[in-house]
Structure formats: structure tokens, C-alpha cells
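Numbering (the numbering used here), first residue to last: 68 to 374.
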């Protein structure tokens, strides 16, 4: 059974959308990635940091999903990372209201000994130096390293980001970030430029418009499932990443053709995440529901045509 090592934030979020608002609730990139990856047959562990204000019930939720939390450091007297955001009516744009790094400001990741030989590594959105530090601790080269990042790091830590990008196999970013990183408006040209930086595969997320997978000159497009209601898009990208990396880890196949399936699995799980606030939908989601919606994805994209 393959091991998936997940690195990222475990945090508090406060979210406001046109459909309502929350006080502090469970959030963080690693949380969403872990919950999503838990739908696959694999061993997984999260490396992160929280303060002692972080409720035991949240940690119990992760362990109930068979996620190893020995790599989550609990800082005595510390406060957990907190983010607050306000989504606009289209839910595609948002304003960050509050960002409190708290214990994340001094985070020194410690990979559990039994995950230093992880087969798949999913580097969630964090400072590039933290992502590099995790790779430095591994005792063997993983079969696949997936990196998620954002424009914030392109703005304030580009040299460090470029260094870690050299060391990964797959990068997942949105279309705006792909254009910023590459300096190209065309996403095809952008992906080619990004591959020159190191990653063999580039995944460009386009939100409600699906996702693109690039490898050399090969391109695959996966649509997003049209949903009646999108309640809260927070964590959808991380849920996608968890589904993508989780499927790859379970299938033990890192070919381009298998990554097409991973894109669909990631998109499928992300479509559930947006249906309720925060992690609420992912906490109660059943494998039966996942399978039914996967069939909907297949119907959406399958057709016969004479050529």
C-alpha cells in the first residue's frame, strides 16, 4: 500500500458568502487534502502545526479518516493559523479580510520517521522554503511529488519558489497564476514555459470551468460538473489536489493516461466540497455518493462520434 505524505496548513477559517457566514471553523490546505485523499485505499499522514487552541475534536476527525497526525505539531501557548475571507456574488473572486499566521510564522516541519520513505508527496500551499525543507528530510526519492502554490509566493518569494519547482514532478495552479508564473497569456504556452522550470506535468485549475493537464505536447481537459448550488468554494482546489494525489497513490500508476483519471477523481471530490461551508460536506460524504457522481462525470464527457 502506497504512502501519501501531505504537507500544508491545518487552520481556522471564517467565511462569508452570499449564502451566509461562519465563525471560526476547521480549514487549512492539508485538512482538505487529507479528507479528500481518505476516500482512497492508502496510508496518509499530515505534516503541519497548530496551537493548543485547536480542538481535540478536529484532530479526532482526521484520525477517524485513518490519517496519521503524528506530524502535526501542537505548540503550547500558541494560536492556530487563521484566515477570514469574503466571497463576491459570482463566488469566483474574494477578499481576504484577516490573515493571522500565528504558529505558522515559525513552522519547522518534521516528517514522521515512517513517512520519510513516502511514495507520493503532496506539498500543499505554503512558503516554498517549508516545502523544500520537507523534501530535504526524505530518505528516498518519491515516485511523485506534487506541488500546489499561489500568486502570493510568486510576489514575495519567487526565487525560493523557483528552486522548489525544480524538484517536483507535478505543479497545480490556477489559470491566473499560470499566466503570472510564465509571463504567457495562452495557457498552452504558459504550461510549456512552466514545464521548462522542472515539472513534467502541469495542472491548471479553472474553477467552475474545469481543469487542464499538460505533459510535453499532450493536453487533457476535464470539465467541472455543472452544479445547481455552489455554497462555499473554500478548499475546493485543495480537495481537488487530495483527490488527484490520493488516486495516484492508490493506483500506483504515474502515467499520463492515469493522471487523466486522477484529474476526474479530483474534480469529482471538489464538486462535493463546495456544497456546504468549510469541510462540512467532506466530513459526512459517503463512498456511495462519490461513486454515483463519478458516473455523472463519465456521462458528461462520454460520447460516440464517427471520424
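Idealized CB from N, CA, C, for every residue including glycine.
Beta-carbon separation (whole angstroms), residue i vs residue j, contact threshold 8 Å
i, j, result
"residue 297", "residue 158", "6 Å"
"residue 101", "residue 333", "That pair is no contact at about 14 Å."
"residue 174", "residue 314", "Not a contact, Cβ separation roughly 28 Å."
"residue 69", "residue 329", "Not a contact, Cβ separation roughly 13 Å."
"residue 302", "residue 94", "7 Å"
"residue 280", "residue 327", "7 Å"
"residue 242", "residue 225", "That pair is no contact at about 19 Å."
Where the beta strand (DSSP E) through residue i begins and ends
i, result
"residue 134", "134 to 142"
"residue 119", "Element bounds for residue 119: n/a, residue is neither H nor E."
"residue 27", "Lying outside 68 to 374, the shown extent of the chain, residue 27 is not represented and no answer is given."
"residue 167", "161 to 167"
"residue 171", "From DSSP, residue 171 is part of no beta strand (DSSP E); its letter is neither H nor E."
"residue 214", "211 to 215"
CB of residue i within 7 Å of CB of residue j, strictly
i, j, result
"residue 380", "residue 184", "In the structure as shown, the chain starts at 68 and stops at 374, and residue 380 therefore has no counterpart that could be examined."
"residue 97", "residue 77", "yes"
"residue 289", "residue 331", "yes"
"residue 364", "residue 294", "no"
"residue 231", "residue 204", "no"
"residue 195", "residue 114", "no"
"residue 344", "residue 282", "no"
"residue 299", "residue 82", "yes"
"residue 325", "residue 361", "no"
"residue 153", "residue 164", "yes"
"residue 193", "residue 304", "no"
"residue 156", "residue 85", "yes"
"residue 104", "residue 71", "yes"
"residue 221", "residue 248", "yes"
Chain-order list of residues whose beta-carbon lies under 7 Å from that of residue i (same chain, five-residue window excluded)
i, result
"residue 144", "119"
"residue 251", "257 and 260"
"residue 209", "185, 186, 187 and 188"
"residue 348", "339, 340 and 342"
"residue 368", "290"
"residue 228", "195, 216, 220 and 221"
Beta-carbon contacts of residue i that lie in its chain and below 8 Å, excluding the five residues immediately before and after
i, result
"residue 169", "118, 145, 146, 147, 148 and 149"
"residue 235", "190, 212, 213, 214, 265 and 266"
"residue 136", "112, 113, 126, 129 and 130"
"residue 278", "270, 271, 272, 288, 289, 291, 307, 330, 333 and 334"
"residue 350", "102 and 128"
"residue 90", "81"
"residue 244", "216, 217, 218 and 221"
"residue 142", "116, 117, 118, 119 and 170"
"residue 160", "154"
Extent of the continuous alpha helix (DSSP H) run through residue i
i, result
"residue 330", "323 to 340"
"residue 182", "Residue 182 -> no alpha helix (DSSP H), and no H or E assigned at all."
"residue 151", "Looking at the DSSP string, residue 151 is not in any alpha helix (DSSP H); the run it does join, the beta strand (DSSP E), is 149 to 154."
"residue 365", "354 to 368"
"residue 203", "195 to 204"
"residue 305", "303 to 318"
"residue 347", "347 to 351"
Residues near residue i by beta carbon distance below 6 Å, same chain, minus five either side
i, result
"residue 238", "214, 266 and 269"
"residue 276", "none"
"residue 233", "265"
"residue 110", "68 and 70"
Start-end ranges of the alpha helix (DSSP H) lying completely within the stretch 218 to 294, minimum 4 residues: 218 to 223, 225 to 232, 242 to 249 and 254 to 263
Secondary structure, beta strand (DSSP E): runs of 3+ residues fully inside the stretch 74 to 117: 78 to 84 and 92 to 94
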